[in-house]
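Using this note's numbering, the letters of the sequence shown correspond one by one to residues 4 to 488.
Working notes, structure below.
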Amino acid sequence: MKLATHIALGILCTFVFRCGLDAAATQTQPNIVIVNTDDQAQWTIGAYGNSEVITPNMDRLAHEGMRFTQAFSKPVCSPSRAMLLTGQYSHRLGIPDYIPYGNPLYAENGLPVGTPTIASVLKGGGYTTALIGKWHVGYGEKYFPEHFGFDVAECYEYVPPGKKYAGYHQVPEVVDGQLVFGLLKNKRLTDILADRAIHFVRENRGKPFFLYLAIYEPHQTVWDAVPDEDLAHYNKRPLTVPDISPFSDAQIDQTTLRKLMATYYGAVTCADRNLGRLLAVLDELKLSDNTLIVFMSDNGMNLGHHGLIGKGNAAFLGTNRRRPNIFDHSNVVPLIVRWPGVVRPGQTNNALVSSLDILPTLMAITGAGAGQKMQLDGRSLLPLFKGERDTNWRNFYCDTYDMIYLGNHGEKPYMRMIRTDQWKLNLFLDAAGQPLDNGNRHELFDLKSDREELTNLYGRPAVATIKQQLETQLRAWMRETGVTK
Ligand SMILES: [Ca+2]
């Protein structure tokens, strides 16, 4: 036996022995925790510059880790979650819009069976994996998360034991000793999900685990009252809201908008409070130093911005009239990572990054999935985590959003976007790939002078050259990634 082999065996024996003594202290692979909030805009976090919202735990993560300012996701739920889980553009997966659960037309819409996910890849690398919370990438039986690498799947979109679809605001609750499903009466869903996540962490301490905690806040406000303890912070303070007076399509007053903002912030604070409960348990179990936390949201939110409420399929405030869009407020999300010893505390990163990058990052960190043949559209963020300057990092980012559902506004726009640090071009196409409304809907924004995307420069001669360059790049990307129209 060669000397090197003896040494390797010695190290292995030592490792196994020490694992027996204190597994958490010697575990070589980091635990991975992804906390994905629902409809949480980047502007709802103190660490991103909001002085009115109360988010001490999200701020703590940013203070102890790295905050990304240009992190792209999708403008609505399902394609965003599909992209995060698989590292593939959602158009490759056949999920162009959110999946309207319960609509039989969409019973066959979901992650293609057999698609590798973060969970299946990490499971292959020795991780115990859990989804706690929202799934929203298919509701037929074949799309259940257990088929995509999750050892534990506590997903309240269907009801065990029959696993029948129940609507994703239907949650199990014990009332008078009976398990019932329905809108919550006794406890807030986010508190329950945090309880379950904490349970999973306690059960699996001492071995590598992957927790995907996908909470429904702040979107949950649609179904459920915000807990008093979270809302109380906002009821009496005058909140700043966007000026909606320039948007004649919005049909509410500033007072009503302030109330909506208070509710939204209350739900964000509910999410933050429960994030804090999870962080406290990681601290208590001494797992924080060996746990990579990725905190993000599935999509953003306009609340008064552009006169709208909502994300990519937002409506004008006080109306049912939709305004399809890929504004930054809809598809640029908060992304904060904390990983002690690798990510230096208090960093801000302005690179163009994406939820596509999460799976390649986790593969680079853990070695899981090495050699596995799979489609990946993102790239590892590990060099950015380490503070290395990558001169080859992407300098533009493209994506699509087909608003094919909620077509009640009379059209189904197929949006194609290219975004650089300074510019954003959105093409609005019809189902045949032709310009919608003779091209009058296309948009070009100069983000350097117009961060809120209020002035459409598309038809202006002064920007003709950059417009052409961007469209050429965008069309090339569409061809390369199989966007057929
Ligand atoms: Ca969402």
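Cβ atoms here follow ideal geometry from the backbone N, Cα and C, with glycine treated the same way.
Check, Outcome
"Throw me the rounded Cβ distance for the residue 450 and residue 427 pair, which I believe falls under 8 angstroms.", "6 angstroms"
"Say whether the region 204-220 touches the region 244-251, bearing in mind that this needs 3 or more beta-carbon pairs closer than 8 angstroms, one atom from each stretch.", "no"
"I'd like to confirm something about residue 80: is its beta-carbon nearer than 6 angstroms to some heavy atom of ligand 1, or not?", "yes"
"When DSSP labels each residue in this structure, what does residue 254 get in the three-state scheme?", "coil"
"How about residue 316: is its Cβ closer than 6 angstroms to a heavy atom in ligand 1?", "no"
"Just to confirm before moving on: does the CB-CB distance between residue 332 and residue 41 stay below 7 angstroms?", "no"
"Does the structure place the region 139-156 close enough to the region 97-110 that three or more beta carbon pairs sit under 8 angstroms?", "yes"
"Just mark residue 453 as buried or exposed, buried being the case when its beta carbon has 16 or more other beta carbons within 10 Å.", "exposed"
"What do you get for residue 293, buried or exposed, if any count of 16 or more other CB atoms within 10 angstroms of its CB means buried?", "buried"
"Is residue 47 helix, strand or coil when you go by DSSP?", "helix"
"Report, in whole angstroms, the separation of the C-beta atoms of residue 220 and residue 193, which I expect to be a contact under 8 angstroms.", "5 angstroms"
"Residue 121: buried (16+ other C-beta within 10 angstroms of its C-beta) or exposed?", "buried"
"Looking at residue 41 and ligand 1, is the gap between the Cβ and the nearest heavy atom below 6 angstroms?", "yes"
"Under the rule that 16 or more other beta-carbon atoms within 10 Å means buried, what is residue 113, buried or exposed?", "buried"
"Could you pull the start and end residues of the beta strand (DSSP E) that residue 213 belongs to?", "212-221"
"Buried or exposed for residue 464, going by 16 or more other Cβ atoms inside 10 Å?", "exposed"
"What does the Cβ neighbour count give for residue 485, buried or exposed, with the cut at 16 atoms within 10 Å?", "exposed"
"For residue 457, which of 368, 309 and 84 has the nearest alpha-carbon?", "309"
"Ligand 1 and residue 302: does the residue's C-beta get closer than 6 angstroms to at least one heavy atom of that ligand?", "yes"
"Take the Cβ of residue 43 as the centre, count every other Cβ of all protein chains shown within 10 Å, and call the residue buried at 16 or more, exposed below.", "buried"
"Roughly how many angstroms separate the alpha carbons of residue 201 and residue 69, rounded to a whole number?", "24 angstroms"
"Taking residue 73 as part of the beta strand (DSSP E), name the residues at either end of that continuous run.", "69-75"
"Assign residue 257 to buried or exposed, taking buried as 16 or more other Cβ atoms, counted over all protein chains shown, within 10 Å of its Cβ.", "exposed"
"Whole angstroms are fine: how far does the CA of residue 94 sit from the CA of residue 86?", "9 angstroms"
"Just checking my contact of residue 152 with residue 196 at CB under 8 angstroms: how many whole Å lie between their CB atoms?", "That pair is no contact at about 20 angstroms."
"For residue 448, does the three-state DSSP call read helix, strand or coil?", "strand"
"Considering just the uninterrupted stretch of the beta strand (DSSP E) at residue 157, what are its terminal residues?", "155-157"
"Which residues does DSSP list as the beta-bridge partners of residue 427?", "422 and 448"
"Is residue 404 helix, strand or coil by DSSP?", "strand"
"Would DSSP call residue 468 helix, strand or coil?", "helix"
"Could you tell me the distance, in whole angstroms, from the CA atom of residue 474 to the CA atom of residue 325?", "26 angstroms"
"Give every residue of the same chain whose Cβ lies closer than 8 angstroms to the Cβ of residue 238, excluding the five residues on either side of it in the sequence, and list them in chain order.", "265"
"Going by beta carbon distance, what residues of the same chain come within less than 8 angstroms of residue 236, once the five residues before and after it are set aside?", "57, 268, 269 and 272"
"Between which residues of its own chain and residue 393 is the CB-CB distance below 6 angstroms, once the five residues before and five after are set aside?", "386"
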